[in-house]
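Peer 1:
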Amino acid sequence: MSTHQRKAYARDVAWLVGTVCVGVAVLYATLFIDLRLGLALVLALFGVISLTLSTTVRHSLGYAAGALLIIAASSTAISSLEGASVISVALRIVGFGVIVLLASRPRPERPIDAVGSHSRKWAYVVGASLGSYFLVGAAFHGQILTFLFYTAGLGILLITVVRTEGAADPDLRRGLVLALSLLVSTSLLYGLAVPSAGFENGRLRGFMENANTLGFFAYLLGAAALILVRQIRWRAALLAIAVVALVLTASRASALALVLVIAILVLRRGVITTIVVLFGSGAAVALAFTVNPALFNPLSSLLRFNDSRSDSTATAIGAFLTNPLIGVGVGNESSIIASSPFRALAQAGLVGVAAVVAMWLVLLIEGARRGVAAVALGLSAIVHSVFEGWLLSPVSPLLGVFLLLWIAVRTDARPKPIGARATSRYGDESRITSTRQGAPR
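Each residue of the sequence shown is one higher than the one before, counting from 17 in the numbering used here.
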């Protein structure tokens, strides 16, 4: 297939996807005029973008659609439906399937990635760690169906991770940035337009089931903007959106994670830009308070000092003391435990904690191989997982989207524009290809 044919094919697919999205959005909004209108808004915006934006963006629409399907599985639009569990699982399977298909498509030869084709070993370590955790926490406690369910989810996640890691497709990077920016920005608009639905207990949740989930995706958007986006104006705009969303969600763990990313990256580049964006975001939030202080009061929540997780920590320690080696089993603790390590301690004992530590170590070791950006993302995710339990759920959209972003963050993380001549650390790609074919240099 020639370059012209590929561009025409991508354009036709983009138009088709855009038309379908707009049509589904209109139908959805017509049938369900309630919280699910939020999903219609996302679909409509996604369709408009696919119909109007540049070829560079159109190439990444498939990955963006896959990521949005995965994220939609944890949205209020789905949780409010009958049979929400089945629909949620189906959306995740379809979303991961779309990404696998895109990563498996034939494409022109690309230069060898700086990380190398053998870099998928980290994924197997993560898979083995999660598999051990569920074997002990579920199967050893007689929860065979739970074990099979999570094992199937882990298998789908591993197939997706291994395939996308091997593909090293730059369109994945653009697609993730597009999906996260759409989610967070439209959640902000939704909260402003319909505060009774977009806010919960004074905290912005947007289209997500709770504020902490939206805060997590806002943190990922901020990290992606700093690491993957080349243009300064877009980087600044996306980072500002992420910061404002984090303040309004009052998610302390997500805010701490993004601050850690900024602190690590600021040591090597973008000091002035980062400071300007942060001060600009603060000014925007302050202006929102001035316009309507009764509607938004997020800083008091973000800066709250109450120990809201102390009870779950005590629950985890009590469950661990009941059976230190293998814990009490998945879901058998007396109350919900938010922290990944403490949840593992309660549900799978010492084996569970070892699994969490193994995943932490592989993020740090592999991150050190990939560069400063990967270290920043990996370390911030580790800190975040201390407060939230997403690291232990292979069926969670949070873990799936994080691992996709982790794959996108390589030593040369920033994508080149479509049509630019790709280069490797050994020189120009065209020279490498011609040399392999025996052409004169």
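Backbone N, C-alpha and C define an ideal beta-carbon position, used for all residues, glycine too.
Out of curiosity, what's the CA-to-CA distance linking H400 and A240?
Peer 2: 16 Å
Peer 1: Roughly how many angstroms separate the alpha carbons of R22 and A119, rounded to a whole number?
Peer 2: Between R22 and A119, the alpha-carbon positions lie close to 16 Å from each other.
Peer 1: How big is the Cα-Cα spacing for A269 and R249?
Peer 2: 27 Å
Peer 1: Using a Cβ-Cβ cutoff of less than 7 Å, which residues in the same chain neighbour Y79 once the five nearest sequence positions on both sides are dropped?
Peer 2: I115, L118, D187, L188, G191, L192
Peer 1: Taking the DSSP output, what are the residues bridged to R219?
Peer 2: E216
Peer 1: Exposed or buried, which one is R221 when buried takes at least 16 other CB atoms within 10 Å?
Peer 2: buried
Peer 1: Got a sec: does the ligand GTP put a non-hydrogen atom nearer than 7 Å to the Cβ of S135?
Peer 2: Ligands are entirely absent from the displayed structure, and the ligand GTP is therefore not among its contents.
Peer 1: What's the gap between the Cα of G158 and the Cα of A362?
Peer 2: 16 Å
Peer 1: Just reading off the alpha helix (DSSP H) that R121 is part of, what are its end residues?
Peer 2: Segment: none, R121 is in no alpha helix (DSSP H) and carries neither H nor E.
Peer 1: Would you mind stating whether A180 and L420 have Cβ atoms separated by less than 8 Å?
Peer 2: Residue identity differs from the one stated: residue 180 is Thr in this sequence, not Ala. Yes.
Peer 1: Inspect the CB distances between the region 410-419 and the region 104-112 and report whether three or more fall short of 8 Å.
Peer 2: yes
Peer 1: Would you check if the region 376-387 and the region 134-141 touch, i.e. whether three or more CB-CB distances between them fall below 8 Å?
Peer 2: Flag = yes, the region 134-141 and the region 376-387 touch.
Peer 1: Taking its Cβ as the centre, do 16 or more other Cβ atoms sit within 10 Å of G235, making it buried, or is it exposed?
Peer 2: One detail in the question is off: residue 235 reads as Tyr in this sequence, not Gly. Classification for Y235: buried.
Peer 1: Quick one: give me the first and last residue of the alpha helix (DSSP H) that W138 is part of.
Peer 2: 137-153
Peer 1: DSSP beta-bridge partners for M224?
Peer 2: S91
Peer 1: Pull up the distance between the alpha-carbon of L204 and that of W422, whole angstroms please.
Peer 2: 25 Å
Peer 1: Does DSSP put D185 in a helix, a strand or coil?
Peer 2: coil
Peer 1: Do V141 and V367 come within 8 Å of each other at the CB atom, strictly closer than that value?
Peer 2: no
Peer 1: Using the Cα positions of F418 and G238, report the straight-line distance between them to the nearest angstrom.
Peer 2: 13 Å
Peer 1: Under 7 Å Cβ to Cβ from G99, same chain only, skipping five residues before and after it: list those, please.
Peer 2: Cβ contact annotation for G99 (same chain, cutoff 7 Å, sequence separation greater than five): none.
Peer 1: Are the beta-carbon atoms belonging to L276 and L242 less than 8 Å from one another?
Peer 2: no
Peer 1: Between the Cα of L146 and the Cα atoms of V425, I353, W406, R426, which residue gives the shortest distance?
Peer 2: W406
Peer 1: Answer with buried or exposed for I87, where buried requires no fewer than 16 other C-beta atoms within 10 angstroms of its C-beta.
Peer 2: buried
Peer 1: Return the CA-CA distance between L198 and F215, expressed in angstroms with no decimal places.
Peer 2: 18 Å
Peer 1: Got a sec? Which residues, its chain only, sit under 7 Å from G231 by beta carbon, not counting five neighbours each side?
Peer 2: L262, T265, S267, S270
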